[in-house]
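First up is the structure itself, then whatever we jot down about it.
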Amino acid sequence: SDEKRYVCHLCLKAFHTATLLHNHVNVHTGTRPYKCNDCDMAFVTSGELSRHRRYKHTLEKPFKCSVCKYSSVEASKMRRHIRSHTGERPYACDLCSYASKDAYKLKRHMITHSENNLPLSIPPLSMTDRIEYN
DNA sequence: ATTCGTTAGCGCCCCCTGCTGGG
DNA sequence: CCCAGCAGGGGGCGCTAACGAAT
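Residue numbers for the first sequence follow the UniProt record's numbering, so the first one is 1 and each next one is one higher.
Here it is, written out as structure tokens:
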């Protein structure tokens with residue numbers, strides 16, 4: 001079943017398997033059983049260690065861009081990169097016309113709408129916008 | 001049956017760089 | 001010209017989920 005039977009005693013978060021719970025508890029306790037042989041980094045899961053080794057030591061980049069020479073360690077990085085070719089901007093700002101190719105860029109952009117920045121960057125509003133400035 | 005390794009996917013944060021507008 | 005603010009591109013890690021292999 002998809003029941004999450006394994007519950008963390010520290011935060012009550014539930015998991016499908018004992019291994020997932022075990023990894024999660026290691027996050028709480030700071031236990032990092034997977035040590036890198038080539039530096040002093042250590043990780044909770046083998047997957048994190050494996051990725052770290054690709055980034056820092058083996059330099060293996062399995063994901064190749066079909067348009068340019070870019071390659072990446074992670075598929076998500078390749079998807080992000082592809083948007084620089086396609087121009088796709090899935091992350092739209094609710095307060096202005098800005099849209100980002102990257103989720104964090106939108107978050108960073110939102111700082112420009114924060115209280116302190118408002119006088120400096122009043123966004124271009126359409127007739128349908130309903131923002132009120134105090 | 002349980003654990004482990006791998007892959008996949010989401011997210012967060014940081015850095016460097018280039019552009020632009022104001023002083 | 002210089003500087004600050006901002007966005008674009010990318011690197012690296014945190015964490016969870018699913019699944020097959022190994023124990």
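The beta-carbon is built from N, C-alpha and C at its ideal position, and this holds for glycine as well.
So is the beta-carbon of residue i under 7 Å away from any non-hydrogen atom of the ligand ZN?
| i | result |
| --- | --- |
| His81 | With respect to the ligand ZN, the structure shown offers nothing to examine, as it has no ligands at all. |
Under the rule that 16 or more other beta-carbon atoms within 10 Å means buried, what is residue i, buried or exposed?
| i | result |
| --- | --- |
| His85 | exposed |
| His52 | buried |
| Cys68 | exposed |
| Cys39 | exposed |
Bridge partners for residue i per DSSP, in chain order?
| i | result |
| --- | --- |
| Val7 | Ala14 |
| Lys64 | Ser71 |
| Ser46 | For Ser46, which the question treats as bridged, DSSP gives no partner whatsoever. |
| Lys56 | Answer by DSSP bridge pairing: none, since Lys56 is not bridged. |
Contact check, residue i vs residue j under 8 Å by CB: the rounded distance?
| i | j | result |
| --- | --- | --- |
| Tyr98 | His109 | 6 Å |
| Tyr6 | Thr17 | 6 Å |
Tell me the residue span of the alpha helix (DSSP H) that contains residue i.
| i | result |
| --- | --- |
| Arg108 | Ala103 to Met110 |
Quiz item: When the Cβ atoms of the stretch 25 to 36 are set against those of the stretch 2 to 12, are three or more pairs found closer than 8 Å?
Solution: Counting Cβ pairs under 8 Å, three or more are found: they touch.
Quiz item: Counting pairs of beta carbons, one from the stretch 50 to 61 and one from the stretch 72 to 84, are three or more of them closer than 8 Å?
Solution: Enough Cβ pairs lie closer than 8 Å, so yes.
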